[in-house]
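Novice: Numbering (full-length UniProt numbering), first residue to last: 1 to 229. For every residue, glycine included, the Cβ atom is placed at its ideal position computed from N, Cα and C. Note that the structure is a prediction, hence the values are computed from the model and not measured.
(1) In its own chain, which residues sit with a C-beta less than 6 Å from the C-beta of residue 125, not counting the 5 before and 5 after it?
(2) So, do the region 55 to 71 and the region 103 to 112 have three or more beta carbon pairs nearer to each other than 8 Å?
(3) Identify whether residue 56 lies in helix, strand or coil by the three-state DSSP scheme.
(4) Starting from residue 110 and walking both ways along the alpha helix (DSSP H), at which residues does that stretch end?
(5) Which residue wins for smallest C-alpha separation from residue 106, given the options 180, 90 and 189?
(6) In angstroms, rounded to a whole number, what distance separates the CA positions of residue 30 and residue 156?
(7) For residue 174, which of helix, strand or coil comes out of DSSP?
(8) Spatial neighbours of residue 103 within its chain, please: CB distance less than 7 Å, with the 5 preceding and 5 following residues excluded, ordered by chain position.
(9) Three or more C-beta pairs under 8 Å: does that hold for the region 190 to 204 against the region 31 to 42?
(10) Can you grab the Cα-Cα spacing for the pair residue 10 / residue 172, in whole Å?
Structure representation (structure tokens):
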């Protein structure tokens, strides 16, 4: 009886195909997840006060926040459908590169109305694939462990509580701090993604390398046997 691996229970899959934990790579994924969630929290909670500081009314500021969540939800649904079993660092690097470009552009031109609307939608769309893809890679390289997933969520949500408080305290005096914080967090996420891809390639190379047994190494070759004869 054929069973689609996508519909198997994750614990059964781990029993059939044991996963070797990669501590450094898993810790890097925790940090990346925390940076992305902090970025999501800063943008979603402070975009409304930022729009009000630019002179927009409360209705327009609310619409900007709704636009962020609409783009975020749509792209996250697509990313969940596209990554049913494994995460993809290529997609994360592409989204993070766009995110750095969008936040960097907003740091200089974010006070303009069109840039605010388009940039908010683009930022929400670019940060959406981070959570599902990162959780899938956590499963692939750490195994299904409730404690590890709980630790990942604890670190991620704990990190999201501090940036809005720190940025929001000075936002009224320095409105540009909003886009500067987004640019800084997106740059950190991109650097972590690049390091993670490098570590992933190194792990793949180590798994592909097969060490010959000592008996086979000491065993004489066919040509050597012919020479002896």
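Specialist: This is what the structure gives:
(1) The residue you call residue 125 lines up with position 125 of the chain shown. Cβ neighbours of residue 125 beyond the five flanking positions: 71 and 75.
(2) no
(3) By 1-based counting over the chain shown, the position of residue 56 is 56. Note: residue 56 maps to coil in three-state DSSP.
(4) The sequence position of residue 110 within the chain shown is 110, counting from 1. Unbroken run through residue 110: none, as it is neither H nor E.
(5) For this step, residue 106 is matched to residue 106 along the chain shown. Cα-wise, what sits closest to residue 106 is 180.
(6) Residue 30 sits at position 30 when you count from the first residue of the chain shown. Residue 156 sits at position 156 when you count from the first residue of the chain shown. Approximately 7 Å between the Cα atoms of the pair.
(7) Position 174 of the chain shown holds residue 174. In the structure shown, residue 174 sits in coil (DSSP, three-state: anything other than H, G, I, E or B).
(8) In the chain shown, residue 103 corresponds to position 103, counting from 1. Excluding residues within five positions, the ones whose Cβ falls inside 7 Å are 123, 179, 182, 183 and 186.
(9) yes
(10) What you label residue 10 is simply residue 10 of the chain shown in a count that begins at 1. What you label residue 172 is simply residue 172 of the chain shown in a count that begins at 1. The predicted model places residue 10 with a pLDDT of 45, which falls under 50 and marks its position as unreliable, so this point remains unresolved.
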